[in-house]
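Numbering (the working numbering), first residue to last: 180 to 639.
Step one of this worksheet: look at the structure below.
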Amino acid sequence: MIQPIYWSLISLNHRGQQSYGLLVHHDGFKGVKGLGPLPESLPRGARRFIGDRGIGHVRYVTSGGYMRRQMLVDAQPCVVEHSGRRLAIAYNGNVANSVEFRRSLERRGIELHCTSDAELIAYEILLSLGEGLARAALRLASRVDGAYSLVGLMDDGTLFALRDPIGLKPLFYGSSSTLTMIASETVALDINSLDSSPVAPGELLVVSNGGVIRRRIAGSGQGSICAFEYAYFARPDSRLDGWRYVYEVRRELGRRLARRHPEVARRVDIVVPVPETAVDAAYGFHEETGKPMEPVIVRHRFVRHRAFMASPTSRAEILSKKYNIVTRRASGRRIALMDDSIVRGDTLKIIISMLRKAGSKEVHVFSTFPEIVSPCFYGVDMATYSELIGFNRSEKEVARILGADTVNYQTVEDFLDAVGNDVCMACVTGRYPTPYASKLARRALECTSSPRGRIAEVME
Ligand code: SF4
Numbered sequence: 180m181i182q183p184i185y186w187s188l189i190s191l192n193h194r195g196q197q198s199y200g201l202l203v204h205h206d207g208f209k210g211v212k213g214l215g216p217l218p219e220s221l222p223r224g225a226r227r228f229i230g231d232r233g234i235g236h237v238r239y240v241t242s243g244g245y246m247r248r249q250m251l252v253d254a255q256p257c258v259v260e261h262s263g264r265r266l267a268i269a270y271n272g273n274v275a276n277s278v279e280f281r282r283s284l285e286r287r288g289i290e291l292h293c294t295s296d297a298e299l300i301a302y303e304i305l306l307s308l309g310e311g312l313a314r315a316a317l318r319l320a321s322r323v324d325g326a327y328s329l330v331g332l333m334d335d336g337t338l339f340a341l342r343d344p345i346g347l348k349p350l351f352y353g354s355s356s357t358l359t360m361i362a363s364e365t366v367a368l369d370i371n372s373l374d375s376s377p378v379a380p381g382e383l384l385v386v387s388n389g390g391v392i393r394r395r396i397a398g399s400g401q402g403s404i405c406a407f408e409y410a411y412f413a414r415p416d417s418r419l420d421g422w423r424y425v426y427e428v429r430r431e432l433g434r435r436l437a438r439r440h441p442e443v444a445r446r447v448d449i450v451v452p453v454p455e456t457a458v459d460a461a462y463g464f465h466e467e468t469g470k471p472m473e474p475v476i477v478r479h480r481f482v483r484h485r486a487f488m489a490s491p492t493s494r495a496e497i498l499s500k501k502y503n504i505v506t507r508r509a510s511g512r513r514i515a516l517m518d519d520s521i522v523r524g525d526t527l528k529i530i531i532s533m534l535r536k537a538g539s540k541e542v543h544v545f546s547t548f549p550e551i552v553s554p555c556f557y558g559v560d561m562a563t564y565s566e567l568i569g570f571n572r573s574e575k576e577v578a579r580i581l582g583a584d585t586v587n588y589q590t591v592e593d594f595l596d597a598v599g600n601d602v603c604m605a606c607v608t609g610r611y612p613t614p615y616a617s618k619l620a621r622r623a624l625e626c627t628s629s630p631r632g633r634i635a636e637v638m639e
């Protein structure tokens, strides 16, 4: 059983490399956890795992502590215990109302050890399990303002999956005569030769020896998945709506950028993707304009991205070590630099300065994602207004800060047309699909002059 879970996690490692964990059910829970990306072979502690069901997780930190010891405590699957019952969950998402949630659990006598939201979610489910899993899921839906896609394993061996009523995070299900799996992306099922179908927003799946029971718990079943999945998170060979590949959407986003900004597109000599998430969009731009696509920027494959943990100076240094410029290709050219999105602009700033040093005549930035002007409270690492380069700045100002000649964003209209699916775009439009996140956004706006970390903490 452990091998298919391991392969699925390997295929999902792009979603998080800060920690990993695997856990099986056999005569109780047995698990291993570690920091960094999943090892290249099954972690030693897991090789002797037996049991016919388990869960696993790879983590990208958007909330909680960044110290090594705390990150290990926060690594998932997260196991909680209460009144003689145990529950393990692997969770993707973020609780916007985490401060009030945390206080309410503490008032109920729960001692919390993690700084991540997974523990809050796990306790909320466990404390309501006496009323049955469906009631616990309904209660969770009514209490959490935020995003969650999760798999859970109970101490009696019951395996289940749950997706929030808005469906902000992806979740897929696949089954054969010998294997049933639930995972964040279709690639994690592909690697185990399983066909996949989406878990609907607000749906609960319970897996038992008799098969799978699917039940809609909350919401209409029509959701708004995070738009950032299309631009950045998901692998290009994933199918977020169950049928169309992400690379097809990205290619269309590149074509639309070329059509939307024809003068700049005509002016450039070559299109250059920032590796690797912008490659398909750059190809679409090339198809639309006929301009050659050239791999001017090469990523040093084994430089691990830990820049988020460093001071601003060393962060810049780490980022500069991630990329190499093929000077001969860059020199004397007018470049259309394609990136998936522009959040803080740190990486782009460094790449553009490297291109200038290599002798590029002009650098025009194209962003497949529209201008990000509001924070995210649903599990993407941009929680304050002031960290966003696009907040309160014109395209010209952003270009000046980046050192680019122009910055050319995707329009919201083109993005939605290309995606063809209902999506959350709150970080672009400022319209949040949940009430507490809207409240946080208003409060965060008042705090832009003195940001103090995660806005949920500022709310205290
Ligand atoms: S606010 Fe932006 S990043 Fe956050 S879930 Fe919505 S689209 Fe995704």
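Yeah, the Cβ is synthetic: ideal placement off N, Cα and C, and Gly gets one too.
DSSP three-state assignment for residue i, whether helix, strand or coil
| i | result |
| --- | --- |
| Thr526 | helix |
| Ser198 | strand |
| Ser220 | coil |
| Ser355 | coil |
| Tyr245 | coil |
| Gly433 | helix |
| Ser532 | helix |
| Cys257 | strand |
| Thr590 | coil |
| Met333 | strand |
| Arg446 | helix |
| Met604 | coil |
| Ile392 | strand |
| Ala486 | Low confidence applies here, because Ala486 scores a pLDDT of 47, under 50, leaving its location unreliable; read the following figure in that light. Correct three-state label for Ala486: helix. |
| Leu308 | helix |
| Ile361 | strand |
| Leu347 | coil |
| Val637 | Note that Val637 has pLDDT 43, beneath the 50 cutoff, so the model's placement of it is unreliable and the number below is only indicative. Helix, per DSSP. |
| Ile168 | Not covered by the structure: residue 168. The range shown for the chain is 180 to 639. |
Beta-carbon proximity check, residue i vs residue j, cutoff 7 Å
| i | j | result |
| --- | --- | --- |
| Leu567 | Val542 | no |
| Ile300 | Ala315 | no |
| Leu329 | Ile234 | no |
| Gln255 | Ala297 | yes |
| Asp324 | Thr608 | no |
| Ile345 | Gly402 | yes |
| Phe556 | Leu619 | yes |
| His204 | Gly336 | yes |
| Val586 | Glu576 | no |
| Leu332 | Leu338 | yes |
Near ligand 1: residue i beta-carbon under 6 Å from a heavy atom
| i | result |
| --- | --- |
| Leu347 | yes |
| Ala605 | yes |
| Cys405 | yes |
| Val557 | For clarity, residue 557 is Tyr in the given sequence; the question names Val instead. Checking the Cβ of Tyr557 against ligand 1 gives yes. |
Same chain, Cβ closer than 6 Å to residue i, neighbours up to 5 away in sequence not counted
| i | result |
| --- | --- |
| Thr547 | Ala410, Leu432, Ala460, Asp519, Gln589 |
| Asn600 | Asp420 |
| Thr526 | Leu498 |
| Asp374 | Gly353 |
Buried/exposed call for residue i, threshold 16 Cβ in 10 Å
| i | result |
| --- | --- |
| Ile514 | buried |
| Met604 | buried |
| His479 | exposed |
| Asn388 | exposed |
| Arg227 | exposed |
| Pro471 | exposed |
| Gln197 | buried |
| Lys536 | exposed |
| Lys348 | buried |
Same chain, Cβ closer than 8 Å to residue i, neighbours up to 5 away in sequence not counted
| i | result |
| --- | --- |
| Ser321 | Ala397 |
| Ser277 | Ser242, Asp296, Leu299, Gly325, Ala635 |
| Arg523 | Met561, Glu566, Leu567, Ile568 |
Closer than 6 Å: residue i CB and nearest ligand 2 heavy atom
| i | result |
| --- | --- |
| Gly224 | Here the bound small molecules are ligand 1; ligand 2 is not part of this structure. |
Cβ-based neighbour list, residue i, same chain, cut-off 7 Å, excluding 5 preceding and 5 following
| i | result |
| --- | --- |
| Asp593 | Arg435, Arg439 |
| Glu473 | Ile449, Val451, Arg508 |
| Tyr462 | Arg430, Gly433, Met472 |
Short CB-CB distance (under 7 Å) between residue i and chain D
| i | result |
| --- | --- |
| Ser190 | Absent from the structure: chain D. Only one protein chain is present. |
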